[in-house]
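Enquirer: The first sequence runs 124 to 1159 under the working numbering.
Here a beta-carbon is modelled for each residue, glycine too, at the ideal position from N, C-alpha and C.
Just so you know, these numbers come straight off a predicted model, no measurement behind them.
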Amino acid sequence: MTIRPVPAQIDLPAMERSILDFWREHKIFEASTAARESSQPWTFYEGPPTANGMPGTHHIEARVFKDVFPRYQTMKGKYVTRKAGWDCHGLPVEIAVEKELGFSGKGDIEKYGIAAFNEKCRDSVTRHVGAFTSMTNRMGFWVDFDQAYWTMAPEYVESVWWSLKEIWKKGLLVQDHRVAPYCPRCGTGLSDHELAQGYETVTDPSVYVRFPVTSGELADLGAALLVWTTTPWTLVSNTAIAVHPEVDYVVAEVTAEDAKEILIVAQPLLSALTGEVKALKIVKGRDLERVTYQRPLDLIDIPDSHFVVLADYVTTEDGTGLVHQSPAFGADDLAVCRAYGLPVVNPIAPNGTFLSEVPLVGGLFFKDADKTLVKELKSRGVLYKHQPYEHPYPHCWRCHTALIYYAQPSWYIRTTSIKDELIRENNRTNWYPETIKTGRYGDWLNNNIDWALSRNRYWGTPLPIWRCEEKHEVCVDSLKELGDLAGKELSKLDPHRPFVDDITFPCATCGKEMVRVPEVIDCWYDSGAMPFAQWGYPHKPGSVEKFKAAYPADFICEAIDQTRGWFYTLMTIGTLVFDQSSYKNVLCLGHILDKDGRKMSKHLGNVIEPIALMDQHGADAVRWYMLAAGSPWSARRVGHDAISDVVRKTLLTYWNTISFHTLYAQSSNFDISQIPAVKDRSMMDHWILSELNSLIAEVDQAYSEFDSHSAGRVLARFIDDLSNWYVRRSRRRFWDGDLAALGTLHECLVTLTQLLSPMVPFITEHVWQELVKPADAAAADSVHLTDFPIADKDQVNLELNAQVALTRRIVELGRAARAESAIKIRQPLQRALISAPGWAKLPKDMRGQIADELNVIDLADIADADGDLVNISIKANFKTLGAKYGKSVQEISKAIATADATPLVKQLRRSGLAKVGDWEIELSDLVVTEVPKSGWMVASHEGESVALDLALTQSLIDAGNVREVIRFIQERRKSDGFEISDRIKVRWNVDPAIAAAIADAAAHISDEVLALEFTHDQTLPAGENDLGISVVLVKT
RNA sequence: GGGCCCAUAGCUCAGCCUGGUUAGAGCGCUUCCCUGAUAAGGAAGAGGUCGGUGGUUCAAGUCCACCUGGGCCCA
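1. Using the C-alpha atoms, what's the distance from Gly753 back to Asp981?
2. Write down every uninterrupted run of the beta strand (DSSP E) in the stretch 345 to 417 whose length is 3 residues or greater and which is fully enclosed by it, in chain order.
3. Do you know offhand how far Tyr507's Cα is from Glu384's?
4. For Ala652 versus Ile696, is the C-beta distance shorter than 9 Å?
5. Tell me whether Lys243 sits in a helix, a strand or coil according to DSSP, three-state version.
6. Keeping to the same chain, check which residues put their C-beta closer than 8 Å to that of His300; ignore five residues upstream and five downstream.
7. Taking the alpha helix (DSSP H) that Lys288 belongs to, which residues open and close that run?
8. Which same chain residues, not among the five before or five after Asp600, have their C-beta less than 6 Å away from its C-beta?
9. Between the C-alpha atoms of Leu1027 and Ile957, what's the straight-line distance to the nearest angstrom?
10. Is the stretch 245 to 264 touching the stretch 667 to 674, taking contact as three or more C-beta pairs under 8 Å?
11. Does the separation of the CB atoms of Leu313 and Cys519 fall below 9 Å?
12. At which residue ranges does the stretch 437 to 500 contain complete beta strand (DSSP E) runs of 3 or more residues, listed in the order of the chain?
13. For the stretch 226 to 240 against the stretch 319 to 338, do three or more pairs of beta-carbon atoms, one drawn from each stretch, fall closer than 8 Å, so that the two count as touching?
14. List the whole-angstrom C-beta distance separating Ile423 from Val359, where the pair is believed to meet the contact cut-off of C-beta under 8 Å.
15. State the Cα-Cα distance for the pair His367 and Tyr416, rounded to the nearest angstrom.
16. What first and last residue would you give for the beta strand (DSSP E) that runs through Glu1043?
17. Mapping DSSP to helix, strand and coil, what is Glu184?
18. Enumerate in chain order the residues of its own chain whose CB-to-CB distance from Gln196 is below 6 Å, with the five nearest sequence positions on each side excluded.
19. For my contact list, Ala185 and Val266 are in at a C-beta cut-off of 8 Å; report their separation, rounded to the angstrom.
20. Three-state secondary structure (DSSP) at Lys707?
21. How many Å lie between Arg852 and Gln972 at the Cα?
22. Helix or strand or just coil, what does DSSP make of Cys309?
23. On the premise that Ala825 lies in contact with Ala834, defined as a C-beta separation below 8 Å, what is that separation, rounded to the nearest angstrom?
24. Would you say the stretch 211 to 218 touches the stretch 169 to 178, given that touching needs at least three Cβ pairs under 8 Å?
25. For Asn1000, is the classification buried or exposed, using 16 other Cβ atoms within 10 angstroms of its Cβ as the cut-off for buried?
26. Going by C-alpha distance, which of Cys211, Lys494, Val497, Pro470 is nearest Gly485?
27. Got a sec, what are the start and stop residues for the alpha helix (DSSP H) Gly1083 sits in?
28. Taking the DSSP output, what are the residues bridged to Pro585?
29. In whole angstroms, what separates the C-alpha of Ala472 from that of Leu478?
30. Does Ile572 pass the burial test, meaning 16 or more other C-beta atoms within 10 Å, or should it be called exposed?
31. Quick one: what's Asp984 bridged to in DSSP?
32. So which of Trp747, Leu420, Asp456 has the shortest CA-CA distance to Thr495?
33. Any idea if Ser1034 is buried or exposed, counting beta-carbon neighbours within 10 angstroms, 16 or more meaning buried?
34. Note down, in chain order, each residue of its chain lying with its Cβ closer than 7 Å to the Cβ of Val1157, except the 5 sequence neighbours on either side.
35. Do the CB positions of Asp968 and Met806 come within less than 9 Å of each other?
36. Count the other CB atoms, across all protein chains shown, that sit within 10 Å of the CB of Glu233; report buried if there are 16 or more and exposed otherwise.
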């Protein structure tokens, strides 16, 4: 066959570009799924990215993991379709367009026209999708863009409508007036999961304000209720003060700066008072109920109010234990005040400013009014204390405006009513890592609150509810149903604002005109509806079958911030509509951090652009780093150095081994049909095949558990074993064109390439085309069209693995001794003595390798050496002794340390038992180290030792010189540019003192350097090296 | 304020579930070796209070409690 050598150096990014062309031209992705069409499906759902900006490095992270497991499952024989998706609607897109157009709020949008504005939003989405597509292609994420779902597509919107109607029919989609977080700039309420994304730490004024009591005996005392708040602007609409019924409140006489006053605070919070404090009396919170007070500000009219109310939610953790109530701006406040029949007064307009008719603060933005109000409180003498207070406060996650908790009408999905079902579905879900299930996500479900679904915005799925003056409601599930109601053909209508707003029809109940409610829905609902809406279910022909075949998903994967986002909406909508969660396995990724462990943000200037990263290091490099350099679920740092390190270590070693193999495969006309049967191969071959088959099982297991980190670790270890032990130890066999060696290496590389291919699809494809296809006409056209390797347990030989490990440890010790001795490895030594458990059983082959690696002629067991030559030292093996004797181990250890080691070990070896002090021990209770007494260079570690005989004889020195000459000629062959198989003629000269020894070894040297002639030419000038070697090489 | 995760060499990470007395690997640094994969490979050295404190135990990086710092989430 025709394996051609590949260069040892590789330009990864350039290679990747040609592989991308190859995949495109040969439609490999399409072929990989088409081949499995009749197999069992393994369903993947793509969480749609919001196409409102350029893709970042965190997008690569998620996409690497979304790619590797579908590739693996495809190789395992599953049918894995990968439908791309784009999240098109929502505030992020609107904000981006507003910025583009220079708008500053909803007024500008309405002036501009909703139709035109939405058209701009549509354009913006389309534009950004391009950037995502090219990044996705570049990184080798196989996903089908041709059939991508777009949440703004009419069929998608209709599918969402259908699901909303299902929920509405169950009575779970309702309008309610509630206090909810609201962005005054965007003019819309935010859902709980949006709120979660926008906490920022701010410094607010925190004020302690006196509310003088105006009724009862406390009024006679001149007492004042002391209230603490961090939102002075809500004092304008103060309606009541809440206390906890069971808490003790202290009526305290406070003396500070010669002034006396009487203040009321909760007992645990007495420390809020400054100065000398004397408790006059203590009252229960419930006894304060309906006590009236003088409010601190009287800017607006609030009738029938201003007294103390009782509320269980009041805490004594901070403040004063007295909580001022402003029902328009707090959910708890609203509930409590409603119970007391108090009015809801709201002096703030939807744009966040005080109504113009309010004195003092009219027209001011609510947060900006704090300063003015604090000044006013001070001048009225009711301000007790004032200090800055740093705390997290919710902000709009996109525009960063401080949110206001604001009473407003809003549409809700009653998710609280399916809480039990959600918990049931969560219990059936496999979370990776597992802790999320009962931890972060489980907690969230347990504290579930209703989903605030509606948004008072423009670019979103319109809420498909029409209503008449009499509040009769109809929910529409499709354009067809809408057309039937309106008596028009509407199937071609764009189901967005403002077009759907224009459709009206008479109410079936009262005959009055029905108009659509003005809201659009939370775009998180759109993405959570993708399991069915991506097919246009149930309206579109064929969608029912497609949906049923692909629900629920076997695999979804996003970063951990999606626990309250997509992971939640997906499960919730699935459970609401189908009484079943939409996914079975969910992989939850850690976040991407910069090289110093900080979050990447434009603000810090530490953002790494994904395309640049891949152009510099290669997509495989970035992928390998993301997958293997840390656990999927822990946060990972990304930096250039970190990536180039892992590339050099693993990918280039792998590539080097490929390059090595192609070199010798070509020079020996390697033909896979000539590979000997496994049983006829050498022990080294058996060993690496044993490791290979263990590896297959380990990688298979790791991939199946979404643990790319473990897979990467065992793969990297195998690459190291293969390159730095198997190939290194078998080099001579490759030079000789040994078919067993070439065949074994080839088989290892083929399988390794397959195992690596889900993680690093480019370089493995390149290898497949360069190494596998040329050698095997029957091989698949692409590595990505192959079946995942199956481990052959019969080839796994744990004893052999252990023996090779021992061999390698002995070699390491020998090298250490060599280095210590300062005698170059090139210089042969007569013998080495070895002491190690297991040494006696080590096969001859491996002993030969040790001798070879250490360049030693004889190896012997230290035990066989003259008894006087060896020192035995022993220490306690705590693990076995501890199990047997527990507490006494320290004493035994001392006894062992002072025992005479040599006779003790001899006795143990003879009889198996011996006594140390009062304790009976076995040989395994000791760690025995044997070292020669003198004249030897010794290295030992954990009971294994190697000793080198440093005595040099003339024949050893001669042998060393011969080896030096061989090395010199080999180097010259290379620098002169000969092919490894070229035969040469050699003329040589060396220092006369060693010439005879070189001449004697002429046959051996000729053989090693492929010389047909080897002539001593004394006319050559001496070379500038230790032995004065000079050579002239001529190609024959 | 609450929950979860993390903390081991300058850096990236193993080891912890199942406790055992010299805590490992790779990268980087210094010195040396090897040379038919060579922009590879090997050895040695420097570099660790295993975040801190306490507890359990004959024995703690490993088990337990508390604390500190970082990340994420919630309020």
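Expert: According to the structure shown:
1. 45 Å
2. 346 to 352, 363 to 366, 371 to 379, 382 to 389, 399 to 407
3. 11 Å
4. yes
5. helix
6. Ala530, Gln531, Pro532, Ser533
7. 277 to 292
8. Trp284, Trp285, Lys288
9. 20 Å
10. no
11. yes
12. 445 to 448
13. no
14. 6 Å
15. 17 Å
16. 1042 to 1045
17. helix
18. Trp165, Val203
19. Actually they are not in contact, since the Cβ atoms of Ala185 and Val266 sit about 12 Å apart, beyond 8 Å.
20. coil
21. 7 Å
22. coil
23. 4 Å
24. yes
25. buried
26. Pro470
27. 1077 to 1098
28. Val643
29. 6 Å
30. exposed
31. Ile957
32. Leu420
33. exposed
34. Ile1107, Lys1108
35. yes
36. exposed
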